[in-house]
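Input: a single structure, listed below in structure tokens.
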């Protein structure tokens with residue numbers, strides 16, 4: 001996927017989407033992102049998007065039955 005970066009696909013898709021939204025009387029577009037300073041963040045900022053709220057991601061590990069194969073991969077076991 002990284003081989004497509006820097007070729008303008010994101011900018012083209014955003015421009016197309018915003019034109020489509022204008023044509024269909026949609027008045028707001030939201031962009032949720034995780035990494036401030038990422039290429040996507042800069043793209044949206046340069047297109048006039050501005051920060052209206054910051055989110056704090058949270059996680060809770062939920063115990064499960066590891067015998068049934070129901071364990072969540074990549075999550076450390078809870079003590």
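Numbering (our numbering), first residue to last: 1 to 79.
Heads up, the beta-carbon is just placed ideally off N, CA and C, and yes, glycines get one too.
Check your understanding: What residue from 30, 47 and 7 has the CA that sits closest to residue 53's CA?
Key -> Of the candidates 30, 47 and 7, 30 places its Cα closest to the Cα of residue 53.
Exercise for review: Check whether the Cβ atoms of residue 10 and residue 43 lie closer than 8 Å to each other.
Suggested key: For residue 10 and residue 43, yes; Cβs fall inside 8 Å.
Point to revise | 8 Å contact criterion, which residue 50 and residue 40 should meet: CB distance rounded | key: Not quite, the Cβ-Cβ distance comes to about 15 Å (not below 8 Å), so this is no contact.
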